Amino acid sequence: MIIILNTGKGGVGKTSISAATALQCAKRGYKTLV
C-alpha cells in the first residue's frame with residue numbers, strides 16, 4: 001500500500017498527519033517509511 005499526502009500550501013498539517021498515519025500503520029504490522 002502506498003499513501004501519498006500532497007498539498008501545495010505550507011502549514012496545513014502534512015507532517016502531523018503523516019506521522020499519525022505511519023504510527024497507526026506500524027501498529028498494525030505494516031512497514032512504514034516517512
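Taking full-length UniProt numbering, the leading residue of the sequence shown gets 1, the next gets one more, and so forth. For each residue, glycine too, the CB sits at the ideal point set by N, CA and C. On a predicted model such as this, the values are computed, not experimentally measured, just so you know.
Item to check | Through-space distance from R28 to I4, alpha-carbon basis | outcome: The sequence position of residue 4 within the sequence shown is 4, counting from 1. The sequence position of residue 28 within the sequence shown is 28, counting from 1. Cα to Cα, the separation comes out at about 18 Å.
Next on the checklist: Check for me: the alpha helix (DSSP H) holding K31 runs from which residue to which?
Outcome noted: Position 31 of the sequence shown, counted from the first residue, corresponds to residue 31. K31 -> no alpha helix (DSSP H), and no H or E assigned at all.
Checklist entry - The alpha helix (DSSP H) with L23 in it runs from where to where? => result What you label residue 23 is simply residue 23 of the sequence shown in a count that begins at 1. The continuous alpha helix (DSSP H) containing L23 extends over residues 14-27.
Item to check | Cβ pair A22, T32 closer than 8 Å | outcome: Locating residue 22 in the sequence shown gives position 22, counting from the first residue. Locating residue 32 in the sequence shown gives position 32, counting from the first residue. Result yes, Cβ atoms of A22 and T32 sit closer than 8 Å.
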